[in-house]
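**Student:** Numbering (my numbering), first residue to last: 150 to 199. For every residue, glycine included, the Cβ atom is placed at its ideal position computed from N, Cα and C. Before I ask anything, here is the structure I am working with.
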């Protein structure tokens with residue numbers, strides 16, 4: 150559980166640095182997409198009992 154959270158957080162940081170040059174609206178869109186993925190991963194892990 151902790152390892153997967155660290156992995157997801159690392160992916161978020163890398164993605165955020167990668168979109169540093171994009172317009173603000175695009176950053177918000179990416180943030181929402183990554184947030185949804187992050188929540189999805191947490192829900193799946195909870196359901197699986199990990």
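Helix, strand or coil: how does DSSP classify residue 189 here?
**Tutor:** Within the chain shown, residue 189 is the residue found at index 40, counting from 1. In the three-state reduction of the DSSP assignment, residue 189 falls in the helix class, which pools H, G and I.
**Student:** When the Cα atoms are used, what is the spatial distance from residue 166 to residue 152?
**Tutor:** Indexing the chain shown from 1 puts residue 166 at position 17. Indexing the chain shown from 1 puts residue 152 at position 3. If I take the Cα positions, the gap works out to 21 Å.
**Student:** Does the beta-carbon distance from residue 160 to residue 179 come in below 9 Å?
**Tutor:** Indexing the chain shown from 1 puts residue 160 at position 11. Indexing the chain shown from 1 puts residue 179 at position 30. Taking 9 Å as the Cβ cut-off, residue 160 and residue 179 do not qualify as a contacting pair.
**Student:** Between the alpha carbons of residue 170 and residue 162, how many angstroms are there, rounded?
**Tutor:** For this step, residue 170 is matched to residue 21 along the chain shown. For this step, residue 162 is matched to residue 13 along the chain shown. So the alpha carbons of these two residues sit roughly 14 Å apart.
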